[in-house]
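Residue numbers for the sequence shown follow the numbering used here, so the first one is 92 and each next one is one higher.
Think of the CB as a built atom: it goes at the ideal place given N, C-alpha and C, for glycine as much as any other residue.
Computed from a prediction, not measured in an experiment: that's the story for all the values here.
Read the structure below first, then the notes.
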Amino acid sequence: HCTRIMIYTHNLMKIYLDTADIEEIRAANETGLIDGVTTNPTLILRSGRTLPDVAKQLVEEFPHFESISTEVVADTVEEMVNQGLSYKDLGSAITIKLPCTVEGLKACKNLSNSGIKTNVTLIFSAAQAVLAAKSGATYVSPFVGRLDDNSVAGLEVVRSISELYRMYGVETNIISASIRSVHRAVRSWYNGARIVTMPPKVFWDMYEHILTKDGLERFQQDWNMSQ
Ligand code: G3P
92 HCTRIMIYTH NLMKIYLDTA DIEEIRAANE TGLIDGVTTN PTLILRSGRT
142 LPDVAKQLVE EFPHFESIST EVVADTVEEM VNQGLSYKDL GSAITIKLPC
192 TVEGLKACKN LSNSGIKTNV TLIFSAAQAV LAAKSGATYV SPFVGRLDDN
242 SVAGLEVVRS ISELYRMYGV ETNIISASIR SVHRAVRSWY NGARIVTMPP
292 KVFWDMYEHI LTKDGLERFQ QDWNMSQ
């Protein structure tokens, strides 16, 4: 007789990787704990590849990722929508990332109305998050680290957005972005962002604790002595 234990993970905290580096994504994905990926033009440049190329490989190699953000770079609504449409056929996880501007939010509304996943990026205030939600955004990405760099508490912005969304039953998901430390990642979850996108290094750092390291060394020594 065998009892099967089901562990439901759909409503747990989510971890996305904020990188376009396939090798790093592959390594982290082997843990089985990664839920998605976010890219931006800077990360694509760093990867030395083109966005369609990276996006196609991500969709094929990681079919379990719930969201893969590909960012449009354009000035007009029409160009943004067309770029978005050109990426969306790569797979259902493809999420069109748009800037929080008048044009970006018009394009967001257009794409969201067609059932395409959208992620409004470069969010630095609750006001912007309200506009993005009203534009039908699937996700909003507040940039915690860059707010902190500018002497504004990034986590407070995450908390304001999350409280507002909860108060009005907004379904837009918060992706806490621009995360440079484990502390900011954990505090993002505490402050109501179910999803945190982080550089691979921050993900690996989540495993680390000095007391785990010390404790393990001591157990190893004692084990050796008992043999
Ligand atoms: O994906 C965009 C965001 O996470 C960038 O982070 O460290 O360049 O501010 P950072």
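In whole angstroms, what separates the C-alpha of Arg278 from that of Thr288?
-> As a working note, residue 278 is residue 187 in the sequence shown. As a working note, residue 288 is residue 197 in the sequence shown. Near 13 Å, if we compare the C-alpha coordinates of Thr288 and Arg278.
Cβ of Asp313 within 7 Å of any heavy atom in the ligand G3P?
-> On the sequence shown, position 222 is the one that residue 313 refers to. The answer is no for Asp313.
Name, in chain order, the residues that DSSP records as bridge partners for Thr161.
-> Reading the sequence shown from its first residue, position 70 is the one you call residue 161. The partner list for Thr161 (beta bridge, DSSP) reads Ile187.
Within this structure, are the beta carbons of Ala228 and Ser203 separated by less than 8 Å?
-> Position 137 of the sequence shown, counting from 1, holds the residue named residue 228. Position 112 of the sequence shown, counting from 1, holds the residue named residue 203. Inclusion of Ala228 and Ser203 in the CB contact set at 8 Å is warranted, their separation being smaller than that value.
Segment contact flag, the stretch 264–282 with the stretch 302–311, C-beta cutoff 8 Å, min 3 pairs | Flag = no, the stretch 264–282 and the stretch 302–311 do not touch.
Residue from Ile265, Leu176, Leu222 and Gly283 whose Cα sits closest to the Cα of Leu196 = Reading the sequence shown from its first residue, position 105 is the one you call residue 196. The residue with the shortest Cα to Cα distance from Leu196 is Leu222.
Should Ala184 be counted as a contact of the ligand G3P given a C-beta to heavy atom distance under 7 Å?
-> Counting from 1 along the sequence shown, the entry for residue 184 is found at position 93. Checking every heavy atom of the ligand G3P against the Cβ of Ala184, none is found closer than 7 Å.
Ignore the nearest five residues each way along the sequence and tell me which others in Phe234's own chain have a CB closer than 6 Å to its CB.
-> For the purposes of this step, residue 234 is identified with residue 143 of the sequence shown, where counting begins at 1. Within the same chain, Phe234 has close Cβ partners Ala268 and Ser269.
CA nearest to the CA of Val145, picked from Glu115, Thr122 and Thr167 = Within the sequence shown, residue 145 is the residue found at index 54, counting from 1. For Val145, the closest alpha carbon among the candidates Glu115, Thr122 and Thr167 is that of Glu115.
Runs of beta strand (DSSP E) wholly within the stretch 214–289 (minimum 3 residues, chain order) = Runs of the beta strand (DSSP E) inside the stretch 214–289: 230–233, 264–267 and 286–289.
On the three-state DSSP scale, how would you describe Leu108?
-> Walking along the sequence shown from the start, residue 108 turns up at place 17. Leu108 sits in a strand when the DSSP states are folded into three classes.
Sub-8 Å separation of Asp160 and Thr192 beta-carbons | Within the sequence shown, the letter at position 69 stands for residue 160. Within the sequence shown, the letter at position 101 stands for residue 192. Note on identity: in this sequence residue 160 is Ser, with Asp being the wrong assignment. Not in contact: Ser160 and Thr192 (Cβ atoms no closer than 8 Å).
Could you check the C-alpha separation between Glu157 and Ala119 for me, to the nearest Å?
-> For the purposes of this step, residue 157 is taken as residue 66 along the sequence shown, with counting starting at 1. For the purposes of this step, residue 119 is taken as residue 28 along the sequence shown, with counting starting at 1. Rounded to the nearest whole angstrom, the C-alpha separation of Glu157 and Ala119 is 16 Å.
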